[in-house]
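The structure under discussion appears below in the form of C-alpha cells.
2 protein chains.
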Amino acid sequence: MSTISQELKLFLNLAIIQTIVTKRFDAKLQNHGISLNEFMILHHLANADDEKLRRTDVAEKVGLTASGITRMLSPLEKLGYVKREANSRDARVSYVKLANAGKKVYLEAIATAEATTGQIMASVKTKKLDDLQKMLSELGATIE
Amino acid sequence: MSTISQELKLFLNLAIIQTIVTKRFDAKLQNHGISLNEFMILHHLANADDEKLRRTDVAEKVGLTASGITRMLSPLEKLGYVKREANSRDARVSYVKLANAGKKVYLEAIATAEATTGQIMASVKTKKLDDLQKMLSELGATIE
DNA sequence: GATATATACTTGATTAGTCAAGTATTATAC
DNA sequence: GTATAATACTTGACTAATCAAGTATATATC
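These protein sequence lines are chains A and B, in that order.
Going left to right, the first sequence walks through residues 1 to 144 as the UniProt record's numbering numbers them.
Going left to right, the second sequence walks through residues 1 to 144 as the UniProt record's numbering numbers them.
This is the structure we're talking about:
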C-alpha cells in the first residue's frame, strides 16, 4: 500500500516520464548531431534579443549550472554553431551568440523535434504517459 | 520569434522544470542519505508484491537501464537497505528485496518528500513552474 | 578611493548514468 | 534433444553533468 500523496506521485511520474522523453528526443536529434539540451540552447539563442545571451542566462534557461554550460558550449563553439562575444560594459561577461551554422542546424532540427513531439503525443493514451495525462489534468484543476 | 508548437514548448519546459525539481528533491533527501532515484526504488519495492522486484522491472519503473540499476543498487545493498534473492524457477533472475533498514529509511524519507512537494507546489505561481501549470492545464484540456 | 563582497566564468576531480560486450540461463524451432 | 535466439544481469570504457576552488572583474560601503 502506498502512503504517498497524489502530488508526490505526480512528481515521481514526471521524473521517469522526463527521463524517457529526453532519451527519445536525444535519439532523434542525434540525426542532426545535437542533444536535446543543445537544441534547447540553440532555441533560446534563436529567440533572444540579437540572438545572444550571457552564459549565466543560458544556464538558468536550461536548468544547468554555469559550469555545465561552459562544458556544453565548448563543442558547439568548435563546430561553429555559436561564437563568443564580449560585453563592452562588463568584462566578466561572455555572450554566447548564435552563428549561421548553428541557426541552420536549429531550423532543420525543429522539424525532427516536432515529429518526435507528435509521436510522443500519439502514444499518450497508452503506457506511462497516460498516467501523466490524468495527473496533469488533476493538477491543472487543483493548483492555484 | 519562436516557430515551435505549443506541445514542443511544453516538453522543453518540462525538461528544465524536471531538472530543477529533481535537484530540489535530491538536496532534501540527502538528509536521509538517498537520492530521488533511490527513493523511487525504495518506493516501488515497498509497494510491490512481497516487497521485491526483478532488477529489470526496477529499471523499467524508474526509466533507467539495467546497467544503471546494477550500479545504483550496489551501494544500497552495502548499506543493507535492499538484499538479493534468487528466483527458484529462473536462475537468471535476481530479485531486489526491500530490507528492514531500507523500509525504515523509506518511511522516514516520505515525510521529507512530501514537504518538498508542498514547497514546490507553493511556488507554482511564480517562476518557471507557472508556465508549466498553464501548459499542463492546456495539455489536459486538449489531449485525448 | 580602499576594502569587502558579489558576480561571471573556467577548471580539476568526482559522480551517476550510458552503451557495448560478455556470461549465464531459459525458451523456441526444427 | 540440439542449435538458435532471447532474456537477465554485470562490467569496462566513456560521457555529461556536478561541486568546490580559483581567477578576473564589478559593485557597495565606509
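Glycine residues also receive a C-beta, built at the ideal position from the N, C-alpha and C atoms.
Beta-carbon gap between residue i and residue j smaller than 8 angstroms
i         : j         : result
Lys52(A)  : Lys103(A) : no
Leu12(A)  : Met40(B)  : yes
Ser88(B)  : Arg55(B)  : no
Gly80(B)  : Ala101(B) : yes
Ile110(A) : Ile4(B)   : yes
Val105(B) : His32(B)  : yes
Asp26(B)  : Leu36(B)  : yes
Arg24(A)  : Thr116(A) : yes
Val58(A)  : Ile69(A)  : yes
DSSP-derived helix/strand/coil call for residue i
i         : result
Leu98(B)  : strand
Arg84(B)  : strand
Arg92(B)  : coil
Gly118(A) : helix
Ala123(A) : In the sequence under discussion, the amino acid at residue 123(A) is Ser, which differs from the Ala named in the question. It is coil, neither helix nor strand.
Leu79(B)  : coil
Residue i, enclosing alpha helix (DSSP H) - first and last residue
i        : result
Leu45(B) : Leu36 to Ala46
Gly63(B) : No alpha helix (DSSP H) contains Gly63(B), which DSSP labels as neither H nor E.
Ile4(A)  : Segment: none, Ile4(A) is in no alpha helix (DSSP H) and carries neither H nor E.
Endpoints, the beta strand (DSSP E) within which residue i is located
i        : result
Leu53(B) : Lys52 to Arg54
Are there three or more Cβ pairs, one per stretch, closer than 8 angstroms when the segment 66-77 of chain B is compared with the segment 14-30 of chain B?
A contact between stretches requires three or more CB pairs, one per stretch, nearer than 8 angstroms, and the segment 66-77 of chain B fails this requirement with the segment 14-30 of chain B.
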